[in-house]
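In what follows, a structure is listed as structure tokens, so that the remarks can point back to it.
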Amino acid sequence: MTARSCAVVREETAAGRVLATDTVDAAVARAREVGAGRDGLNVFVWRDDDDAKSQASSIADRLADTKPGALLGVPVAIKDNIATLTMPTTCGSKILEGYVSPYESTVVKRLRAAGAIPFGKTNMDEFAMGSSTEHSAYGPTKNPIAPDRVPGGSSGGSAVAVASGIVSIALGSETGGSVRQPAAFCGIVGVKPTYGRVSRFGLVAFASSLDQVGVFGATVDDAARGLGAIAGHDPMDSTSANIAVPDYHAGANADLKDLVVGLPKEYFPASLDPEIRRLCDAAVDRLRGLGATVKEVSLPHTDLAIPVYYIVAPAEASSNLARFDGVRYGFRLEGEGLRGMYEATRSKGFGPEVTRRILLGTYVLSAGYYDAYYRKAQQVRTLIADDFRRVFESGVHVLFTPTAPSTAFQIGAISDPYEMYLSDIFTATANLAGVPAMSLPIGRIGGLPVGGQFLASHFDEARMFTAAYALERALGAEAHA
Amino acid sequence: MAVTIDDVRHIAALARLGLPEQRAAAIVNELNTILAHMDELAKVDTAGVQEAIGVGAEGLPVRKDLGPPFPLARSLDAFAPSMRDGFFLVPRLSTHESTEES
């Protein structure tokens with residue numbers, strides 16, 4: 052069961068047929084029904100239903116005086132690393148326990164301006180470092196389709212909020228696949244926009260050259276409308292691009308007769324799960340049936356993406372997370388002198404995966420190893436970005452690949468860090484190259500969802516959405532069967 | 038380039054992370070296992086390849102080191118662990134322990 056679509060909620064709220072407070076009540080009731088609490092799916096780290104209802108009431112009060120926003124009356128769940136003024140922002144970490152930001156992220160401000168109602172902060176891998184939402188100070192989040200399995204990560208709480216029908220849109224964040232992979236594992240849509248398309252102001256930094264706020268939707272249309280509401284230039288983020296934002300749902304009913312779809316052969320290795328390959332092949336047949344031209348292409352440096360990613364991201368994280376030292380905000384543990392306080396605070400405040408990545412990042416940036424690891428990784432990153440540039444310059448409009456190499460795995464099944472990192476093997480390339488990408492459901496294996504991924508060239512999200520709308524329409528119920 | 042226990046102690050000190058001995062020994066193994074996969078990169082010919090600088094279509098934009106006013110809705114002492122007279126309070130440096138007050 053999914054929440055009512057964003058378009059329907061907006062229309063009915065604007066027409067006065069539904070009160071925004073009733074929509075919030077429905078979300079609260081659904082959260083109770085699916086067991087969203089700490090002992091159940093563990094979706095949220097913070098919810099204030101009274102505050103959400105109060106915001107919904109104010110929407111009703113303003114309705115007669117203002118033009119209905121694009122997300123009027125739509126409750127939206129927010130990942131816990133996106134700053135909110137009225138709710139804590141802890142990044143799923145003990146080191147930020149109870150921290151309430153003194154400013155609000157641009158994306159949440161834009162949601163409010165569009166008439167949306169922020170509905171709780173969602174659980175996540177600590178500081179977005181993980182692919183399973185098992186590494187949170189608040190415990191693991193469970194997949195609503197199979198509660199003994201992970202929802203993917205790091206934005207697992209947001210994915211489950213949508214997949215379990217509590218909300219139709221949620222915000223997540225992407226550094227290496229943290230929206231697309233959980234979207235695939237939970238059978239919903241997840242979008243990572245082009246680097247620079249959405250403001251990072253108020254997104255707690257993990258790896259600044261890779262991070263982007265992303266959107267989950269129950270459907271392609273929900274995700275398109277959600278992204279449309281938050282995209283666009285922001286002077287508060289120097290990496291935000293001043294490029295016009297098109298209407299992402301304009302191509303909702305377009306055919307694909309002029310579309311060229313590339314299938315990068317490196318994403319379909321001999322070792323790929325044959326069932327995932329079968330579902331991808333069926334999706335590609337649908338694309339052909341819709342009129343698209345499909346051709347094989349090559350992105351030859353794909354297999355280097357994980358080594359590159361796990362040097363660049365920890366390196367940037369080791370610098371970004373230096374600010375959590377017990378001095379200015381968050382948790383403090385006294386130690387011997389100033390240094391003792393730093394070490395005690397950080398050692399007790401960070402969990403094991405964050406500690407591991409800070410140490411890895413510090414190592415690859417340290418004297419004697421910088422050239423061999425960090426500089427080399429940044430050079431190979433250039434080669435990965437060049438692969439995409441060449442393919443898109445050759446006339447290919449979008450690429451289609453599997454989103455993840457597996458379906459949702461069992462909670463606790465993966466203990467080797469590198470094996471976990473390989474979950475991102477088909478997603479990290481888009482972050483390294485800065486291109487937009489999205490996952491949508493293309494079927495199930497043994498009842499577990501499988502995602503297909505579209506990628507496009509920089510700032511060409513509109514074409515990616517057009518392809519996704521068409522494929523979603525063609526697959527119909529098969530996408531969830 | 039195998040990571041040693043001394044390397045781990047060194048980087049833990051740089052990162053201001055206190056590591057118990059047992060955890061430090063485990064980290065040696067974990068980092069060596071992870072970095073073994075990174076050695077793939079050494080095989081790639083990157084002669085003449087520029088390091089990635091920004092991934093947007095326009096590269097990394099450069100702007101003046103100025104920005105709009107930072108919109109703080111609450112004062113710093115609403116969330117700082119310890120403040121006095123507008124300053125963050127921290128424990129005394131060990132090299133200054135003879136002085137009386139922080």
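Residue numbers (our numbering), protein chains in the order written: chain A, 52 to 532; chain B, 38 to 139. Ideal placement from N, C-alpha and C gives every residue a C-beta, glycine not left out. All of these numbers come straight from a predicted model, not from anything done at the bench.
Taking the beta strand (DSSP E) that residue i belongs to, which residues open and close that run?
i: Met489/A; result: 488 to 496
i: Thr452/A; result: 449 to 453
i: Ile220/A; result: 220 to 225
i: Ile129/A; result: 126 to 130
i: Leu499/A; result: 499 to 507
i: Phe170/A; result: 168 to 173
i: Pro315/A; result: 311 to 315
Going straight from the alpha carbon of residue i to that of residue j, what length do you get?
i: Glu385/A; j: Ser398/A; result: 12 Å
i: Glu137/B; j: Ser119/B; result: With a pLDDT of only 46 at Glu137/B, under 50, the local geometry of the prediction cannot be trusted, and the value read off the model is given with reservation. Roughly 18 Å between the two C-alpha positions.
i: Ile71/B; j: Ile217/A; result: 38 Å
i: Pro315/A; j: Ile133/A; result: 33 Å
i: Leu147/A; j: Pro500/A; result: 33 Å
i: Phe401/A; j: Met392/A; result: 14 Å
i: Leu105/B; j: Met287/A; result: Per the sequence shown, the amino acid found at residue 105/B is Pro instead of Leu. Roughly 7 Å separates the two Cα atoms.
i: Asp122/B; j: Arg379/A; result: 14 Å
i: Gly29/A; j: Ala52/B; result: Examination of residue 29/A is not possible in this model, given that chain A is present from 52 through 532 alone.
i: Gln232/A; j: Val99/B; result: 33 Å
i: Ala532/A; j: Ile90/B; result: 43 Å
i: Arg4/A; j: Pro325/A; result: Outside the shown range of chain A, which is 52 to 532, sits residue 4/A, and nothing can be said about it.
i: Leu103/B; j: Gly503/A; result: 42 Å
i: Phe178/A; j: Val255/A; result: 8 Å
i: Val213/A; j: Ala87/A; result: 11 Å
i: Cys237/A; j: His186/A; result: 18 Å
i: Ala58/A; j: Ala275/A; result: 11 Å
i: Arg328/A; j: Pro453/A; result: 8 Å
i: Tyr189/A; j: Leu434/A; result: 39 Å
i: Asp262/A; j: Ala455/A; result: 19 Å
Could you give the first and the last residue of the continuous alpha helix (DSSP H) run that contains residue i?
i: Glu367/A; result: 356 to 371
i: Thr157/A; result: 157 to 164
i: Thr480/A; result: 479 to 484
i: Leu68/B; result: 58 to 75
i: Phe399/A; result: It is Lys, not Phe, that sits at residue 399/A in the sequence shown. 388 to 400 is the span of the alpha helix (DSSP H), which, as asked, contains Lys399/A.
In its own chain, which residues sit with a C-beta less than 6 Å from the C-beta of residue i, not counting the 5 before and 5 after it?
i: Ser215/A; result: Val85, Pro195
i: Thr41/B; result: none
i: Ala368/A; result: Phe257, Ala258, Arg408, Gly412
i: Ala507/A; result: Val449, Pro487, Arg514, Met515
i: Leu323/A; result: none
i: Ala82/A; result: Ile217
With a CB to CB cut of under 7 Å and the five nearest residues on each side skipped, what residues in its chain are close to residue i?
i: Ala295/A; result: none
i: Ala71/A; result: Thr64, Ala107, Ile110, Ala111, Gly124, Ile168
Once the 5 residues before and after residue i are set aside, which same chain residues still bring their CB inside 8 Å of it?
i: Ser139/B; result: Reliability of the predicted coordinates at Ser139/B is poor, the pLDDT of 43 falling under 50, and the value obtained from them is presented with this limitation in mind. Leu126, Val127, Pro128, Arg129.
i: Val127/A; result: Leu162, Ala167, Ile168, Pro169, Phe170, Val218, Ile220, Ala221, Leu222, Gly277
i: Gly497/A; result: Thr458
i: Asp306/A; result: Leu341, Gly342, Ala521
Run down chain E in chain order and give the residues with a C-beta less than 9 Å from the C-beta of residue i.
i: Ala282/A; result: Reference to chain E is not applicable here, since the protein chains of this structure are A and B.
What I want to know is whether the C-beta of residue i ends up closer than 7 Å to one or more non-hydrogen atoms of the ligand SAH.
i: Ala518/A; result: Judged by which ligands are present, the structure shown has none, so any question about the ligand SAH falls away.
Touching by the beta-carbon criterion (3+ pairs, under 8 Å), the stretch 107 to 114 of chain B and the stretch 151 to 169 of chain A
yes
Using a Cβ cut-off of 8 Å, which residues of the stretch 418 to 443 of chain A contact any Cβ in chain B, in chain order?
So the list reads Tyr420, Ala423, Tyr424, Arg426, Lys427, Ala428, Gln429, Gln430, Val431, Arg432, Thr433, Leu434, Ala436, given in the order they occur along the chain.
Select from the stretch 41 to 52 of chain B all residues with a C-beta closer than 8 Å to any C-beta belonging to chain A, and list them in chain order.
Asp44, Val45, His47, Ile48, Ala49, Leu51, Ala52
Does the count of Cβ pairs from the stretch 511 to 518 of chain A and the stretch 295 to 311 of chain A closer than 8 Å reach three?
Yes, since at least three Cβ pairs between the stretch 511 to 518 of chain A and the stretch 295 to 311 of chain A fall closer than 8 Å, the two stretches touch.
Name, going along the chain, the residues of the stretch 362 to 376 of chain A whose beta-carbon falls closer than 7 Å to a beta-carbon of chain B.
Within the stretch 362 to 376 of chain A, contact with chain B at the beta-carbon level (separation under 7 Å) is assigned to Ile362, Ser369, Asp376.
Assess contact between the stretch 195 to 211 of chain A and the stretch 114 to 133 of chain A, defined as three or more Cβ pairs (one per stretch) separated by less than 8 Å. Is contact present?
yes
Contact residues within the stretch 145 to 156 of chain A, judged by C-beta distance below 9 Å to chain B:
Gly149, Tyr150, Val151, Ser152, Pro153, Tyr154, Glu155
Would you be able to state if there are at least three C-beta pairs under 8 Å between the stretch 352 to 360 of chain A and the stretch 233 to 243 of chain A?
no
Counting Cβ pairs, one atom from each stretch, are 3 or more of them under 8 Å apart for the stretch 304 to 320 of chain A and the stretch 274 to 283 of chain A?
no
What are the residues of the stretch 289 to 306 of chain A that lie near chain B, defined by any Cβ-Cβ distance shorter than 7 Å?
Ser289, Thr290, Ala292
Meets three-Cβ-pair contact criterion under 8 Å: the stretch 333 to 341 of chain A and the stretch 466 to 477 of chain A:
no
Mind checking the stretch 56 to 77 of chain B against chain A and listing, in chain order, the residues whose C-beta falls within less than 9 Å of any C-beta there?
Leu56, Pro57, Arg60, Ile64, Glu67, Leu68, Thr70, Ile71, Leu72, Ala73, His74, Met75, Asp76, Glu77
Mind listing which residues of the stretch 337 to 350 of chain A have their C-beta closer than 8 Å to chain B's C-betas, in chain order?
none
For the stretch 100 to 114 of chain B, enumerate the residues whose C-beta is nearer than 9 Å to any C-beta of chain A, in chain order.
Arg100, Gly104, Pro105, Phe107, Pro108, Leu109, Ala110, Arg111, Ser112, Leu113
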